[in-house]
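Sequence order for the protein chains is A and B.
Each step along the first sequence adds one to the number in the UniProt record's numbering, with nothing skipped, and position 96 is 96.
Each step along the second sequence adds one to the number in the UniProt record's numbering, with nothing skipped, and position 199 is 199.
Number of protein chains: 2
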Amino acid sequence: MALRTISAKSAAALDQELMSTGAFSIDQLMELAGLSVSQAVFKLQPLTAGKRILIACGPGNNGGDGLVAARHLFHYGYHPTIYYPKQPRNELYQRLRKQLEDLRVPFTDDFHTAIKSTDHVVDAIFGFSFSGEVREPFPKVIEALRETEVPVLAVDAPSSWGVDEGPPAEGPGKGFMPQALISLTAPKPLVKWFKGRHFLGGRFLSPEMAEKYGLDVPEYEGLDQVVEVEVEGQKL
Amino acid sequence: MALRTISAKSAAALDQELMSTGAFSIDQLMELAGLSVSQAVFKLQPLTAGKRILIACGPGNNGGDGLVAARHLFHYGYHPTIYYPKQPRNELYQRLRKQLEDLRVPFTDDFHTAIKSTDHVVDAIFGFSFSGEVREPFPKVIEALRETEVPVLAVDAPSSWGVDEGPPAEGPGKGFMPQALISLTAPKPLVKWFKGRHFLGGRFLSPEMAEKYGLDVPEYEGLDQVVEVEVEGQKL
């Protein structure tokens, strides 16, 4: 199935519209986004293949999606560990963190040690609002993601990639190609350069919103909150 | 599997604790509750067995759970219809309603006609905070639920049942026995009188909270947000 993509600018407008006229709260959208991320992990990394999941969370909503995913993964039976070096004073993110602390999910400051003893990594550092440069302490984290042999699932974008421009020509993300990507609500233009398994989450979008933004709504199976897809123009 | 029950008073305390020290928002909890209700419907009423789902929503959180369930059911491919006669000026419920309107999910004022052309009913009228008498316009609705031959799934409690006391000795709910019940977070004492299929939702409870409230956490399968259970002392 070939899906159309949505630019960084349109993705921001869609997100804003979901939360204004669409009447979704950020809590609701983040819960649904994180749930779909957790389901993609479940499909990529069955419990029998290794339960240790390292989740790298950035300072924005992409990181929040990672925190929600970690909670669901714990309840599925995984052993998540969180790397969350930049924690803004945002009430929602603080609550999501507290929910993990109550589950005794460990937080680590040492990504480089943690990545050596995990079975899977979730890259929830930067999402569709990323642009410009990768700030500290993330350059070395992205290098580690690029170099690890452990499979990586990127949330919405491989961190450091331009949302519309794809992989960077230089810097820590040069040559970074995660094994899998989950696009939230709609694929961004960067998927044209992505080589790997590609999932879509966002089983809440109304047909009218999809039409307005020129999006395809693929067929999800059963109760799934994710669907594996291909993308039009994808350079495989 | 036999599960312990939680009294109306303890259920209220647990709910309060989830939203205070537990750091969950009502949006989050309602999204997860409604999601688990939608999954119970999916298990009870496969799409191939009839897609029309009539959802009766009460004025409180039980009704909110029904609104969330309706949205998910729409995305699974069902055709939900909502009966929501008492709509409080609560921002959350209004947003959940708007999300359904954007999906063109119909709202009806005429429950008695609607129930004649549906394949399944969800009773999301009263939940664990119900006590006392059934106010207008719900007595006739509960009578219709009691008398219909269409299968009914009750959310947290068959409406009009006492949470701790079970089925009423008189009034519209006398003799009302839905085909199925989904208990949210934990079964209430009323399940001792319930005869039918019984599901549990609440795959977010921490082991510590479960221990504090004397609850059993059953094993959910895969990605499921519901699990079918039996209850200790259930009078089958």
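Cβ atoms here follow ideal geometry from the backbone N, Cα and C, with glycine treated the same way.
If you're wondering where the values come from, they're calculated on a predicted model, not measured in any experiment.
Check whether the Cβ of R71/B lies closer than 8 Å to any Cβ atom in chain A.
Residue 71/B sits at position 71 when you count from the first residue of the second sequence. Taking Cβ atoms only, chain A reaches closer than 8 Å to R71/B, which makes this a yes.
Curious, which full-length beta strand (DSSP E) runs of at least 3 residues does the region 56-144 of chain B contain?
79-83, 120-124, all fully within the region 56-144 of chain B.
At least one CB of chain A closer than 8 Å to the CB of K86/B: is that the case?
Position 86 of the second sequence holds residue 86/B. Closer than 8 Å: no.
Kindly give me the distance between the Cβ atoms of A49/A and S129/A, rounded to whole angstroms, as I take these residues to be in contact under 8 Å.
Here residue 49/A refers to the residue found at position 49 when the first sequence is read from its first residue. Here residue 129/A refers to the residue found at position 129 when the first sequence is read from its first residue. Not really, about 32 Å apart at Cβ, beyond 8 Å.
Would you list the residues sitting across from R197/A in a DSSP beta bridge?
One-based indexing of the first sequence puts residue 197/A at position 197. Per DSSP, A180/A.
Starting from the beta carbon of D164/B, find every residue of chain A whose beta carbon is closer than 9 Å, and list them in chain order.
Residue 164/B sits at position 164 when you count from the first residue of the second sequence. Chain A residues near D164/B: none, gap ~28 Å exceeds 9 Å.
Could you tell me the alpha carbon to alpha carbon distance between P178/A and L205/A, rounded to whole angstroms?
For the purposes of this step, residue 178/A is taken as the residue at position 178 of the first sequence. For the purposes of this step, residue 205/A is taken as the residue at position 205 of the first sequence. Those two C-alpha atoms are separated by around 26 Å.
So residue 240/A contacts chain B; which residues on that side make the cut at Cβ distance below 8 Å?
Chain A is shown only over 1 to 236; residue 240/A falls outside these bounds and no answer can be derived.
So, using beta-carbon positions, are T5/B and P189/B closer together than 8 Å?
Locating residue 5/B in the second sequence gives position 5, counting from the first residue. Locating residue 189/B in the second sequence gives position 189, counting from the first residue. In this structure, P189/B lies closer than 8 Å to T5/B by Cβ.
Out of D156/B, V155/B, S160/B, I55/B, state which residue places its alpha-carbon closest to the alpha-carbon of R146/B.
Sequence index remark: in the second sequence, residue 146/B carries index 146 (1-based). Considering only alpha carbons, the answer is S160/B.
Could you have a look at L223/A and say whether DSSP puts it in helix, strand or coil?
Position 223 of the first sequence, counted from the start, is the residue given in the question as residue 223/A. L223/A falls in the coil class under three-state DSSP.
Considering V155/A, what are the terminal residues of the beta strand (DSSP E) in which it resides?
Counting from one through the first sequence, the residue named residue 155/A turns up at place 155. 152-155 is the span of the beta strand (DSSP E), which, as asked, contains V155/A.
Classify L215/A as helix, strand or coil using the three-state DSSP reduction.
Against the first sequence, residue 215/A aligns to sequence position 215. Correct three-state label for L215/A: coil.
Is it buried or exposed for S117/A, if we count other Cβ within 10 angstroms and need 16 for buried?
The residue given as residue 117/A occupies position 117 in the first sequence. It is exposed - the Cβ of S117/A has fewer than 16 other Cβ atoms within 10 Å.
Specify, as a first and last residue, the run of the alpha helix (DSSP H) that K43/A falls within.
Along the first sequence, read from residue 1 onward, the residue named residue 43/A stands at position 43. Unbroken alpha helix (DSSP H) run through K43/A: 26-44.
Determine the burial state of L18/A: buried for a count of at least 16 other Cβ atoms within 10 Å of its Cβ, exposed for fewer.
On the first sequence, position 18 is the one that residue 18/A refers to. Counting Cβ neighbours within 10 Å, L18/A comes out buried, since at least 16 surround it.
Please state the DSSP three-state secondary structure of L190/B.
Here residue 190/B corresponds to residue number 190 of the second sequence, with the count starting at 1. Here L190/B sits in helix by DSSP.
Quick one: is L236/A buried, meaning 16 or more other Cβ sit within 10 Å of its Cβ, or exposed?
Taking the first residue of the first sequence as position 1, residue 236/A is located at position 236. With a pLDDT of only 38 at L236/A, under the threshold of 50, the placement of this residue in the model should not be trusted; the figure read from the coordinates follows. Its Cβ having fewer than 16 others within 10 Å, L236/A is exposed.
Output needed for E219/B: all residues of its chain with C-beta closer than 6 Å, excluding positions within five of it in sequence on either side, in chain order.
Mapped onto the second sequence, residue 219/B falls at position 219. Excluding positions up to five away in sequence, the list is empty.
Classify T185/A as buried or exposed, calling it buried when 16 or more other Cβ atoms lie within 10 Å of its own Cβ.
Position 185 of the first sequence, counted from the first residue, corresponds to residue 185/A. Buried, because 16 or more other Cβ atoms sit within 10 Å of the Cβ of T185/A.
Residues of chain A with CB under 7 Å from H75/B, in chain order?
As a working mapping, residue 75/B is identified with position 75 in the second sequence. Result: R203, F204.
With distance defined between alpha-carbon atoms, name the residue in G171/A, G201/A, D156/A nearest to G60/A.
One-based indexing of the first sequence puts residue 60/A at position 60. When only C-alpha atoms are compared, the closest one is D156/A.
Just to check my reading of the structure: E211/A and P172/A have Cβ atoms closer than 8 Å, yes? What is that Cβ distance to the nearest angstrom?
Counted from its first residue, the first sequence places residue 211/A at position 211. Counted from its first residue, the first sequence places residue 172/A at position 172. So it is not a contact: roughly 39 Å between Cβ atoms.
Short check: CB of V121/B to CB of V163/B, under 8 Å?
Residue 121/B sits at position 121 when you count from the first residue of the second sequence. Residue 163/B sits at position 163 when you count from the first residue of the second sequence. Cβ distance not < 8 Å, so V121/B and V163/B don't count as in contact.
Take V226/B and list the residues in its own chain whose beta-carbon comes closer than 6 Å to its own, dropping the five residues that flank it on each side.
Indexing the second sequence from 1 puts residue 226/B at position 226. Within the same chain, V226/B has close Cβ partners S36, Q39, A40, F199, G201.
Apart from the five residues just before and just after G22/A, which ones in its own chain have a Cβ nearer than 8 Å to its Cβ?
Sequence index remark: in the first sequence, residue 22/A carries index 22 (1-based). Excluding positions up to five away in sequence, the list reads S206, M209.
Of the residues that make up the region 96-120 of chain A, which ones have a beta carbon closer than 7 Å to any beta carbon in chain B?
Those would be K98, Q99, D102, L103, in chain order.
For D15/A, count neighbouring C-beta atoms within 10 Å of its own C-beta (all shown protein chains included) and say buried if the count is 16 or more, exposed if not.
Position 15 of the first sequence holds residue 15/A. When all chains shown are included, D15/A counts as buried.
Grouping DSSP H, G and I as helix and E and B as strand, with all else coil, what is A11/A?
In the first sequence, counting from the first residue as 1, residue 11/A sits at position 11. Helix at A11/A.
Helix, strand or coil for L205/A per DSSP?
Reading the first sequence from its first residue, position 205 is the one you call residue 205/A. Here L205/A sits in coil by DSSP.
At a Cβ cut of 7 Å, what residues of the region 205-233 of chain B count as close to chain A, listed as they run along the chain?
The residues in question are S206, E208, L223.
Using a Cβ-Cβ distance under 8 Å, would G22/B count as near chain A?
Residue 22/B sits at position 22 when you count from the first residue of the second sequence. Yes, G22/B counts as interfacial toward chain A.
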